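Each residue of the sequence shown is one higher than the one before, starting from 488 at the first, in this note's numbering.
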Amino acid sequence: MSTDVNLLGKGLKYLGLLIFLFIASPITLTMGFKALKKFENTPKEYLSYVILFVAGVLVVFTIYFAFKTFKILLKALFNN
């Protein structure tokens, strides 16, 4: 039972990106809700909905990417 070093390096790179996504996703979601509150009944209200949509997509992608990253790390550490 040996560790695949190349796959582990790829997994650690993904883990670094995942940590960035864990930070960026909630910040973007918060910005969208604050923009929705600030631009209420103004012509710029569509901008807040665009930010909220992007944040929602980013949150879903972050969850998917987390599963993918941990699968790669587990495969690198516990290969046959």
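Ideal Cβ placement from N, Cα and C applies to all residues, glycine included. Just so you know, these numbers come straight off a predicted model, no measurement behind them.
Item                                                                                                                                           : Value
Between the beta-carbon of Leu-523 and the beta-carbon of Ser-512, is there less than 8 Å?                                                     : no
Do you know whose CA, among Leu-508, Phe-507, Phe-509 and Val-537, lies nearest Lys-521's CA?                                                  : Val-537
For Gly-498, count the other beta carbons within 10 Å of its own beta carbon; 16 or more makes it buried, fewer makes it exposed. Which is it? : buried
Am I right that Leu-516 and Val-546 are in contact with their C-beta atoms under 8 Å? What's the rounded C-beta distance?                      : 7 Å
Quick one: using the 10 Å Cβ neighbour count with 16 as the cut-off for buried, is Ile-559 buried or exposed?                                  : buried
Could you give the distance in angstroms between the alpha-carbon of Leu-502 and the alpha-carbon of Phe-540?                                  : 25 Å
Using only alpha-carbon positions, find the residue among Met-518, Lys-555 and Ile-506 that is nearest to Gly-543.                             : Met-518
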